[in-house]
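Have a look at the structure below, then the notes.
Number of protein chains: 6
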Amino acid sequence: MSTTTTDVRVDGRASDQLRDIKITRNWLDHAEGSVLVEFGRTRVLCAASFTEGVPRWRKGSGQGWVTAEYAMLPRATNTRSDRESIKGKVGGRTHEISRLIGRSLRAIIDTSALGENTLVLDCDVLQADGGTRTAAITGAYVALADAVEFARSKRLLRSSTAQPLKDSVAAVSVGIVGGRPVLDLCYDEDVNAGTDMNIVCSGDGRFIEVQGTAEGSPFDRAELNTLLDLGAAGCAELALIQKAALEASK
Amino acid sequence: MSTTTTDVRVDGRASDQLRDIKITRNWLDHAEGSVLVEFGRTRVLCAASFTEGVPRWRKGSGQGWVTAEYAMLPRATNTRSDRESIKGKVGGRTHEISRLIGRSLRAIIDTSALGENTLVLDCDVLQADGGTRTAAITGAYVALADAVEFARSKRLLRSSTAQPLKDSVAAVSVGIVGGRPVLDLCYDEDVNAGTDMNIVCSGDGRFIEVQGTAEGSPFDRAELNTLLDLGAAGCAELALIQKAALEASK
Amino acid sequence: MSTTTTDVRVDGRASDQLRDIKITRNWLDHAEGSVLVEFGRTRVLCAASFTEGVPRWRKGSGQGWVTAEYAMLPRATNTRSDRESIKGKVGGRTHEISRLIGRSLRAIIDTSALGENTLVLDCDVLQADGGTRTAAITGAYVALADAVEFARSKRLLRSSTAQPLKDSVAAVSVGIVGGRPVLDLCYDEDVNAGTDMNIVCSGDGRFIEVQGTAEGSPFDRAELNTLLDLGAAGCAELALIQKAALEASK
Amino acid sequence: MSTTTTDVRVDGRASDQLRDIKITRNWLDHAEGSVLVEFGRTRVLCAASFTEGVPRWRKGSGQGWVTAEYAMLPRATNTRSDRESIKGKVGGRTHEISRLIGRSLRAIIDTSALGENTLVLDCDVLQADGGTRTAAITGAYVALADAVEFARSKRLLRSSTAQPLKDSVAAVSVGIVGGRPVLDLCYDEDVNAGTDMNIVCSGDGRFIEVQGTAEGSPFDRAELNTLLDLGAAGCAELALIQKAALEASK
Amino acid sequence: MSTTTTDVRVDGRASDQLRDIKITRNWLDHAEGSVLVEFGRTRVLCAASFTEGVPRWRKGSGQGWVTAEYAMLPRATNTRSDRESIKGKVGGRTHEISRLIGRSLRAIIDTSALGENTLVLDCDVLQADGGTRTAAITGAYVALADAVEFARSKRLLRSSTAQPLKDSVAAVSVGIVGGRPVLDLCYDEDVNAGTDMNIVCSGDGRFIEVQGTAEGSPFDRAELNTLLDLGAAGCAELALIQKAALEASK
Amino acid sequence: MSTTTTDVRVDGRASDQLRDIKITRNWLDHAEGSVLVEFGRTRVLCAASFTEGVPRWRKGSGQGWVTAEYAMLPRATNTRSDRESIKGKVGGRTHEISRLIGRSLRAIIDTSALGENTLVLDCDVLQADGGTRTAAITGAYVALADAVEFARSKRLLRSSTAQPLKDSVAAVSVGIVGGRPVLDLCYDEDVNAGTDMNIVCSGDGRFIEVQGTAEGSPFDRAELNTLLDLGAAGCAELALIQKAALEASK
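Residue numbers (the working numbering), protein chains in the order written: chain W, 27 to 276; chain V, 27 to 276; chain A, 27 to 276; chain S, 27 to 276; chain B, 27 to 276; chain Z, 27 to 276.
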């Protein structure tokens with residue numbers, strides 16, 4: 027991506043520049059699909075588990091189910107956090123992100139083509155440096171694609187021609203930092219952002235989810251438009267990276 | 027608001043028409059501020075509790091704190107839901123909405139002017155017919171304003187001239203139903219919406235929070251723009267209703 | 027009711043005088059029966075949910091089930107209480123009152139005539155000023171009666187002649203305040219009561235539940251007898267108010 | 027006690043006859059007071075723990091605190107129950123009984139004379155055959171008296187002349203079984219009782235707690251009076267047994 | 027047992043001497059097997075519950091299941107501990123010991139001969155003075171044997187000749203206290219032990235479980251060998267005591 | 027290590043042969059010490075967090091604290107497991123292993139030299155193929171050593187000469203598989219093992235923890251001796267690997 031501004035950011039990137047993105051497929055031996063995705067120092071392990079059958083409330087519908095669970099290791103962050111298992115309850119932020127990942131993936135899945143099968147995406151943040159939820163979505167899609175391909179090759183789907191994947195999905199954060207709209211915020215930028223927005227796009231460039239929050243003062247329509255442009259372009263770039271990763275031999 | 031389309035909705039409204047909005051102040055005798063807010067059949071009781079002091083992590087900062095808790099009575103809905111107190115844990119949706127309300131209110135509060143005092147906004151849905159979170163934000167602002175005024179009149183703030191309220195805040199849902207963008211969805215519309223978006227605006231017309239989700243297929247930028255227009259106009263109309271309610275004698 | 031003493035209470039009532047009692051039926055649109063019951067400033071929303079089927083342990087018995095859940099909104103009281111959903115457990119007091127309401131209602135229900143159907147009574151205290159449990163029982167009976175009538179009219183019971191309601195039920199608190207036995211204590215009286223008693227009576231004037239507690243010093247048999255007289259008379263008066271409410275057109 | 031009716035009960039007792047009551051003091055080596063109390067086959071281990079200091083909300087009041095916790099071993103009953111520790115929550119019945127025991131003991135304690143010290147009464151049912159809560163109260167009083175005496179002898183109270191015990195307390199169940207009022211119901215009687223009542227009396231014969239429940243049909247005032255007579259006489263007899271136990275050398 | 031050293035321990039025992047061991051069978055009326063086992067002042071109530079059927083995951087296997095739950099009463103110890111039921115979770119130590127008891131008993135059970143039946147062993151520590159887990163295993167075996175015999179006599183097993191008990195099992199603690207290896211540590215010794223080991227042996231003298239922990243400094247192979255000798259001899263002695271208890275008429 | 031038997035195992039190893047052991051230091055950017063340890067396909071991420079201060083119960087003692095938490099990612103295993111955070115409680119196995127790791131590390135730490143500082147070791151199993159707890163201990167020691175060195179270099183310890191590490195610690199599993207004692211069992215061997223034992227040794231070859239369990243039939247003293255020999259030799263080999271890893275430049 028060409029640089030459109032000359033001012034550099036805390037890590038030297040241009041405003042519209044993604045961090046180094048790495049997608050390592052098959053990082054695990056057991057999972058039907060697995061990816062270690064890295065957005066700079068943010069590192070998320072995404073495991074896709076394919077199981078036959080669906081939750082009770084969906085039985086007999088002929089339709090599959092896709093869900094996700096997000097979590098962070100205690101020392102993924104600068105200072106250690108307590109484990110949610112030990113606190114005995116899952117926090118609001120964790121719930122919120124798990125739900126976002128699940129919705130984002132379901133938006134590009136044809137549950138009829140999936141048949142009565144379930145895909146669970148576990149997204150565990152091994153190291154956090156901002157943008158963990160968007161990295162998780164971006165990596166989870168690749169793990170999901172591998173798990174779907176596994177199921178197709180093992181003839182676990184309804185028919186050999188069924189294609190549960192309607193499109194790809196990628197996500198990225200955008201925000202206004204120091205008065206300037208920037209793409210793919212690292213942690214240092216995130217804590218200083220006046221507005222923080224997560225954009226989830228399908229491979230065809232449309233929006234699946236748009237979540238913008240004024241951390242400091244409210245933002246106007248012009249700023250919103252700029253952020254949407256920046257995020258859509260970032261997602262398009264990520265879609266190409268996902269495609270390349272999936273086209274590489276395993 | 028003048029009707030801009032002639033097609034009627036399930037309840038006869040124009041696309042850009044709000045439901046009947048009622049704001050009843052001082053619905054409770056004990057709370058420092060309280061509002062029963064109604065968006066059509068959606069009915070939310072908002073209670074603002076003012077207490078001196080702040081949570082431990084904020085002590086000594088000289089700044090106040092505003093937080094919110096959202097919940098729904100078991101029979102607010104068509105079929106009864108189990109109580110979260112009995113299930114022993116708060117669900118992800120509840121957490122998500124509580125956090126949204128809290129963030130929205132904090133965006134228009136000057137915590138320095140508030141001083142080391144805490145405002146808790148309890149938003150309990152007595153009856154649900156779509157748009158409970160946006161009704162809650164809209165009502166909670168009025169309860170908050172009354173509680174702040176209470177604190178000012180009782181000289182509980184740092185100075186008599188301190189004004190913690192920087193602006194007002196209102197919220198409304200918009201969505202694409204049957205291919206048409208509409209304002210303030212009732213439950214029947216909500217379940218049929220292809221895209222669902224919640225818009226939170228400050229009184230000066232800027233955005234505090236934008237949350238759009240593709241329930242069915244992804245939405246494009248043009249649709250997004252239309253929804254943003256519709257939501258911003260709805261919030262402006264709600265701001266006037268809030269103002270009128272607050273100007274009425276108690 | 028005629029006044030039998032001339033000394034007035036904190037709110038000007040005679041010893042044997044109830045507070046203003048209001049029963050508003052059909053306060054909710056969705057519930058099969060619903061009542062907003064007010065004993066002075068105490069305000070409880072009672073919703074009766076009728077569902078076909080019974081809990082697993084009762085299946086095949088041919089008998090229905092009636093149960094109740096009591097809760098208090100955080101700001102029902104003078105100072106805000108923490109939510110039980112957030113604390114992750116239901117307190118002993120809440121459990122105790124839910125069980126009392128359930129037992130009281132089951133005492134006047136013919137579960138065979140109800141057939142294998144379940145009625146859940148949700149009693150949520152919107153505002154508390156003493157006597158919330160007795161107000162809840164009194165209001166819940168009216169909501170229950172409406173839900174039973176709903177089920178009869180929809181032919182959801184075993185037969186059109188089945189009448190699950192064997193009688194009505196009402197409840198009131200009595201206590202010794204400042205050495206004087208009084209009826210229907212408000213909060214200020216309740217905290218000063220030496221003895222506190224809750225009386226639940228069926229419409230025919232018999233006792234369903236009697237719970238007396240010496241808060242200060244023990245009470246003797248004569249005091250107990252006076253309290254029982256006072257409570258039984260109060261329940262009789264409430265039974266007339268319930269009857270009038272149910273006879274009014276909806 | 028002389029027999030007042032000639033009809034025998036399931037275990038051969040007269041209507042007004044207690045089961046064999048045994049009170050074994052100092053059953054434990056560590057506790058400041060401990061009693062194994064037996065009402066026939068009902069067997070409850072009551073341990074009184076004396077500790078200096080009071081809960082936070084009572085600090086600086088100069089007053090002590092007495093509280094109780096009731097629980098049942100899994101195989102105290104005919105069929106094994108699940109442990110509340112493993113279920114992760116304490117049931118309503120357990121809460122209710124713990125609160126009853128605590129209130130009953132506090133009614134005969136002078137918390138000023140106790141000073142800022144705490145007494146916790148653990149009442150664990152080792153074997154259940156009806157009347158576990160009343161046996162627990164009766165045994166707990168004796169354990170409490172021993173713990174108070176321990177504290178006095180160790181000079182842990184405010185003054186050597188302080189006497190925190192204002193009176194004794196005992197409890198017994200009464201009920202209507204097969205149409206006949208009877209004292210101290212065993213389990214077989216309890217499950218067949220039409221009305222079930224627990225009576226807690228101070229040593230001077232006054233009432234501390236009266237809890238009557240119509241399990242079948244409501245009860246009238248005459249039945250209530252008979253049950254109160256029966257319970258008061260039973261408590262008086264238990265008070266003598268407690269006194270004898272405490273007068274025996276340890 | 028003959029004394030092999032002349033130095034005495036805190037309670038006057040020789041290094042290889044058990045505390046007074048008492049096994050009281052049928053301490054409960056309801057349980058299929060029950061034992062009050064005492065190792066000196068350590069007192070554990072072991073109840074064996076026999077029920078037909080097995081947990082879901084074992085259905086159709088033709089094999090039975092044996093499991094155990096260990097717990098301690100709050101005042102079993104010198105200072106009162108909080109109840110795990112009230113804390114809402116079972117601690118790590120409790121889990122660990124429950125699992126140890128279960129594994130130890132399953133090692134001597136022929137689950138095929140047991141058929142699809144379940145035995146639950148509840149081991150509740152009434153008083154603790156060290157070695158509660160080993161006392162629990164030793165007592166639980168006797169309760170288990172009685173429950174198996176009960177099931178055989180009631181013809182609840184697959185065949186009258188089926189013998190689910192393959193052997194007996196006993197357990198004892200050993201440790202290095204003050205530099206000297208000793209058998210069956212009481213609490214005072216336990217807190218001062220440099221190395222602490224629990225030995226579980228079958229009746230034929232083989233090992234079922236060996237758990238040794240260096241509390242202070244690591245231990246060498248020679249010390250380990252001595253402790254294994256001491257523990258094996260202690261278990262052999264306990265096996266004789268168990269045999270005698272089971273041969274006594276009930 | 028030279029091979030002492032010629033029979034090969036499921037993965038071709040000799041009886042006394044470890045799997046390929048890899049220790050990658052500084053796998054995380056934030057933690058004071060971190061190691062990705064691999065025992066064949068078993069992969070555990072060990073993060074050591076150094077913080078100033080100690081838990082409340084240890085304040086003022088002058089001594090530090092070391093503790094550990096073990097957990098497994100949901101898809102570490104062949105089939106996905108539910109998250110303990112979502113189940114709301116930590117299982118017995120997890121508790122047991124966390125406690126074992128903590129005890130093992132504390133055995134080689136001089137808490138006085140550590141001063142009032144805390145080290146938390148998080149051991150998260152990313153992929154499981156048997157021996158996760160022993161891999162965790164082995165890796166955690168290296169992470170701990172790095173964190174201690176970090177603290178020394180930052181002068182966070184009491185004195186520049188203080189050396190909290192008294193020795194190293196390593197752990198390995200041994201077991202009897204197909205009648206033959208083997209070292210470092212992979213998952214396939216583990217499920218088929220008759221006896222399973224975990225050995226934890228200090229660098230000087232002494233024992234810190236010995237935990238042997240008869241999964242099938244009890245084991246005799248000769249078998250126990252062979253397993254102890256095998257485990258001690260395995261730990262000695264691991265100690266060399268740890269030493270080499272720590273001597274490599276970071």
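For glycine and all other residues, C-beta sits at the position ideal for the given N, C-alpha and C.
If you follow the alpha helix (DSSP H) that residue i is in, where does it begin and where does it stop?
i	result
T164 of chain W	T158 to S179
K269 of chain B	R247 to E273
T137 of chain B	T137 to L140
E78 of chain Z	Premise fails: E78 of chain Z lies in the beta strand (DSSP E), T68 to E78, not in any alpha helix (DSSP H).
K113 of chain W	E110 to K113
When the Cα atoms are used, what is the spatial distance from residue i to residue j?
i	j	result
N251 of chain V	D172 of chain W	35 Å
I202 of chain A	A197 of chain S	22 Å
E195 of chain S	I163 of chain S	Residue 195 of chain S is actually Val in this sequence, not Glu. If you take the alpha carbons of V195 of chain S and I163 of chain S, they lie about 8 Å apart.
A254 of chain Z	N224 of chain Z	Reading the sequence as shown, one finds Leu at residue 254 of chain Z and not Ala. Approximately 9 Å between the Cα atoms of the pair.
F76 of chain S	T221 of chain A	28 Å
S275 of chain S	A169 of chain S	14 Å
D42 of chain W	R206 of chain W	11 Å
L99 of chain B	E263 of chain A	49 Å
G242 of chain B	A219 of chain B	8 Å
R178 of chain S	L191 of chain S	11 Å
A258 of chain W	T50 of chain W	24 Å
R135 of chain V	V200 of chain V	According to the sequence shown, residue 135 of chain V is Ile rather than Arg. Near 25 Å, if we compare the C-alpha coordinates of V200 of chain V and I135 of chain V.
M27 of chain Z	E64 of chain Z	Reliability of the predicted coordinates at M27 of chain Z is poor, the pLDDT of 37 falling under 50, and the value obtained from them is presented with this limitation in mind. When rounded, the distance between both Cα atoms is 18 Å.
Do residue j and residue i have their beta-carbon atoms positioned less than 8 Å apart in this structure?
i	j	result
G156 of chain W	Y213 of chain W	yes
Q89 of chain W	S130 of chain W	no
L147 of chain A	A94 of chain A	yes
D55 of chain W	R106 of chain Z	no
A248 of chain W	F233 of chain V	no
L145 of chain Z	A74 of chain Z	yes
A161 of chain W	V34 of chain W	no
Following the continuous beta strand (DSSP E) through residue i, name the residue where it begins and the one where it ends.
i	result
G128 of chain Z	Premise fails: G128 of chain Z lies in the alpha helix (DSSP H), G118 to R132, not in any beta strand (DSSP E).
V217 of chain V	It is not in any beta strand (DSSP E) - V217 of chain V instead sits in the alpha helix (DSSP H) that spans Y213 to N218.
E235 of chain W	F233 to A240
S185 of chain S	Taken as a continuous stretch (DSSP letters only), S185 of chain S belongs to no beta strand (DSSP E), as it is neither H nor E.
L152 of chain B	N143 to Q153
T93 of chain V	W91 to M98
Report yes or no: do three or more beta-carbon pairs, one from the stretch 148 to 163 of chain A and one from the stretch 178 to 190 of chain A, lie closer than 8 Å? No, because fewer than three Cβ pairs between the stretch 148 to 163 of chain A and the stretch 178 to 190 of chain A fall closer than 8 Å, the two stretches do not touch.
Specify whether the stretch 73 to 87 of chain B and the stretch 117 to 136 of chain S touch according to this definition: at least 3 beta carbon pairs, one from each stretch, less than 8 Å apart. No: the two stretches stay apart, fewer than three of their Cβ pairs being nearer than 8 Å.
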